[in-house]
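So the structure is just underneath, and the comments pick up after that.
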């Protein structure tokens, strides 16, 4: 019994036999061998798409968004080098296959079919998703369909030339250019618009940015038409962005225009955009019923624009091959794809949670940390602040010193964000860094969090340790997908082959006196708490801040981890604890060789066993104030400063609670959706009926302006009152 084939294959056979092909003409010439190779990549891509739909009908394939109609992007692949990183649109199957031909021994048909079938043998994702990606081919896997790959492609382009300026070796060579493709509908997304704007903003200032955007314009966003002429109008007149255009049905034209565009970007180190006209065949995906929103005449007319028909006509017009020879090639490829599909569909799948999760944060071989600079070098580094050295300092100052030490020890660290340069950041945390390390390592960016985080991803993939700064916690929300959908998922969807080593510094949390409203007084970081693989540190004092920052950079360096470093704004300049002028919240600076804390272990203050208060950030500061008042009344209290908020290391928290059964959780975030919910649950699940736990949280409210903010936030007095209530009741009474 013969293997089923898609109707398109039979129709293509008939066209080859009958000669019913579009007339061929092109203003560009192309060698027959190149044209044939591109046609072969196109046909392989088309047959893979159709095979995926056949496999889906048998329950063996799980992804049918294909490349049909976009196969002209094979010519773009041929115009680039293997070492040019490519952040690809999901309709780039032909590009992937064509690039594979630059690497002997590649098996793109088998690899892509393994991906379609979600096999654990899939060489890029290990069966976790259908993605176009390969470490060897310099194609980082993309899971997004809404252009969120553009900011990191821009970051990668910036990183290539930054590595050259700093004399560092990177993942990609110094003359590489970055390709980033996307669809016409995605071009309207804020992510694309922001990335293109940031590209123009940088290039306008003569910053080297070798990125080639390719907009594959098929005129449709699922069912919504793109207005005729819109993409050209949108992209052709951008400042500092060179515009190229080609019709992807004409392989000779596309190849030559793509080469011109690539040569421009490579030689000038400036950005360009290639507007590639395409068509979309067989609907958005296998389940898309095109007839619901397009007429039969529209669908049939577009089938006549099939790029494979055009490239077939070009081959036959050359006179170097016959229709019979092409038909033989078609039949051989159809049979080959069917054989490979049968093998791929029978390969093992992921079957356990442990297998699935193994690549979220894979353990890596430990890298030695760079040597700490010698004492003389450090003395020169800190000459700007010699009058303060040896004195206790507030959190912002000690963070600043820690950043100086980190940048001196790790020569691949880069600090960047809005105002981090000469101004030193809104709160002075990055002061003097640019004077010590220069504008290539301390970089002022435009005000666009998507671009800042995309830059972090691109830098990290080139081998840097990115240290981006987000000015306020609330500002990250418009860019959170760069963390959630891009940075955090890359190890997972590449089976640990790719990573995003970075430390994202974010100023945030509440208790800023008379300032802000919720955009500057944001008391919720719930957005980070459910992202697998992310680590979230939050120091409450300068001593811990310095140690935790070093630990964060070490984790990025050795384990390639993505660390979020949440800094409580209200505690940046705090000096006093109990009374004005007592200086009890100032700390000594831990020297660079000070041992780092155990990851996830809370800091413990006091050894009382009558009541334990668990908190972090501002809540811990208030709890320390409350402890003074409770101690004056004769109570012995133990305080835990969590410091590591994600993931929550419950076993270390319980160890620190030894001997305490009454627990008060003080959480400055809202009662609903705060860390206190997880901690409360974790304590009860770990030791059922052992602890008596209560919570004191902020109200489920946004933060208003001025003194009204304190009406919805926990206070020292509330902590004292709730603690006294718990202390007045015996543990036995509570348990009953």
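Residue numbers (this note's numbering): 242 to 977.
Note that beta-carbon positions come from the ideal geometry of N, C-alpha and C, so glycine has one too.
Model, not experiment: these values are computed from the prediction.
The alpha helix (DSSP H) spanning residue i covers which residue range?
i, result
"residue 641", "636-650"
"residue 894", "891-897"
"residue 691", "690-702"
"residue 658", "Where residue 658 is concerned, there is no enclosing alpha helix (DSSP H), although the beta strand (DSSP E) it sits in stretches over 654-658."
"residue 860", "858-873"
"residue 422", "Not the alpha helix (DSSP H): residue 422 falls in the beta strand (DSSP E), residues 419-424."
"residue 846", "From DSSP, residue 846 is part of no alpha helix (DSSP H) but of the beta strand (DSSP E) over 844-846."
"residue 916", "916-927"
"residue 559", "548-559"
"residue 338", "334-341"
"residue 912", "Taken as a continuous stretch (DSSP letters only), residue 912 belongs to no alpha helix (DSSP H), as it is neither H nor E."
"residue 429", "Note, residue 429: premise wrong, no alpha helix (DSSP H); not H, not E."
"residue 531", "Element bounds for residue 531: n/a, residue is neither H nor E."
"residue 475", "471-476"
"residue 349", "349-357"
"residue 399", "391-407"
"residue 967", "957-968"
"residue 540", "537-544"
For the putative contact between residue i and residue j, defined by C-beta atoms under 8 Å, what is the C-beta separation to the nearest angstrom?
i, j, result
"residue 939", "residue 912", "7 Å"
"residue 589", "residue 360", "6 Å"
"residue 699", "residue 444", "Not a contact, Cβ separation roughly 15 Å."
"residue 492", "residue 552", "5 Å"
"residue 917", "residue 882", "Residue 917 to residue 882, Cβ: 15 Å. No contact."
"residue 858", "residue 888", "Residue 858 to residue 888, Cβ: 17 Å. No contact."
"residue 525", "residue 458", "With 8 Å as the limit, residue 525 and residue 458 do not qualify as a contact, their Cβ atoms being about 15 Å apart."
"residue 556", "residue 739", "Going by Cβ atoms, the distance from residue 556 to residue 739 rounds to 37 Å, so no, they are not a contact pair."
"residue 648", "residue 682", "6 Å"
"residue 388", "residue 432", "5 Å"
"residue 634", "residue 438", "So it is not a contact: roughly 39 Å between Cβ atoms."
"residue 421", "residue 454", "5 Å"
"residue 448", "residue 512", "Not really, about 10 Å apart at Cβ, beyond 8 Å."
"residue 554", "residue 281", "That pair is no contact at about 16 Å."
"residue 964", "residue 880", "The pair is not a contact, with the Cβ atoms about 11 Å apart (cut-off 8 Å)."
"residue 849", "residue 877", "3 Å"
Compare the C-beta of residue i against all C-beta atoms of chain C and say whether one is closer than 8 Å.
i, result
"residue 424", "Protein chain content of the structure displayed is limited to a single chain, and chain C is not contained in it."
Could you give the residue range of the beta strand (DSSP E) that holds residue i?
i, result
"residue 828", "Looking at the DSSP string, residue 828 is not in any beta strand (DSSP E), and its letter there is neither H nor E."
"residue 291", "Careful: residue 291 lies outside any beta strand (DSSP E), inside the alpha helix (DSSP H) at 273-298."
"residue 934", "933-939"
"residue 246", "Premise fails: residue 246 is in no beta strand (DSSP E) and is neither H nor E."
"residue 675", "Run containing residue 675: none in the beta strand (DSSP E); it sits in the alpha helix (DSSP H), 674-678."
"residue 706", "706-711"
"residue 885", "885-887"
Using the DSSP secondary-structure output, state which residues sit across from residue i in a beta bridge.
i, result
"residue 483", "513"
"residue 462", "465"
"residue 853", "879 and 904"
"residue 809", "749"
"residue 685", "658"
"residue 488", "518"
"residue 375", "380"
"residue 804", "744 and 776"
"residue 452", "419"
"residue 327", "420"
"residue 508", "Per DSSP, none; premise fails for residue 508."
"residue 360", "590"
"residue 457", "424 and 517"
What are the complete alpha helix (DSSP H) segments, minimum 4 residues, inside the segment 571-641? 594-598 and 616-622
Contact between the segment 755-774 and the segment 390-410 is defined here as three or more beta-carbon pairs at a separation below 8 Å; is this criterion met? no
Which parts of the segment 720-782 are runs of the beta strand (DSSP E), unbroken and 3 residues or longer, counting only runs that do not cross its ends? 743-749 and 776-778
At least 3 beta-carbon pairs within less than 8 Å: the segment 702-718 vs the segment 336-354: no
Would you be able to state if there are at least three C-beta pairs under 8 Å between the segment 709-722 and the segment 411-422? no
Is the segment 561-574 in contact with the segment 501-512, if contact means three or more CB pairs nearer than 8 Å? no
Counting beta carbon pairs with one atom in the segment 814-827 and one in the segment 621-631, are three or more of them shorter than 8 Å? no
Inter-stretch contact at 8 Å, needing at least 3 Cβ pairs: the segment 669-682 / the segment 647-661: yes
Does the segment 926-946 touch the segment 895-907, meaning 3 or more C-beta pairs lie closer than 8 Å? yes
Would the segment 326-335 and the segment 303-317 be scored as touching if the rule is three or more Cβ pairs under 8 Å? yes
Are the segment 475-486 and the segment 344-353 touching by the rule of at least three beta carbon pairs closer than 8 Å? no
Would you call the segment 831-839 in contact with the segment 780-790, where contact means no fewer than 3 C-beta pairs closer than 8 Å? yes
Do the segment 789-799 and the segment 602-620 make contact, defined as three or more Cβ pairs closer than 8 Å? yes
Mind the definition here: the segment 532-550 touches the segment 468-478 only if three or more C-beta pairs lie below 8 Å; say whether that holds. no
Do three or more CB pairs link the segment 575-590 to the segment 356-372 at distances below 8 Å? yes
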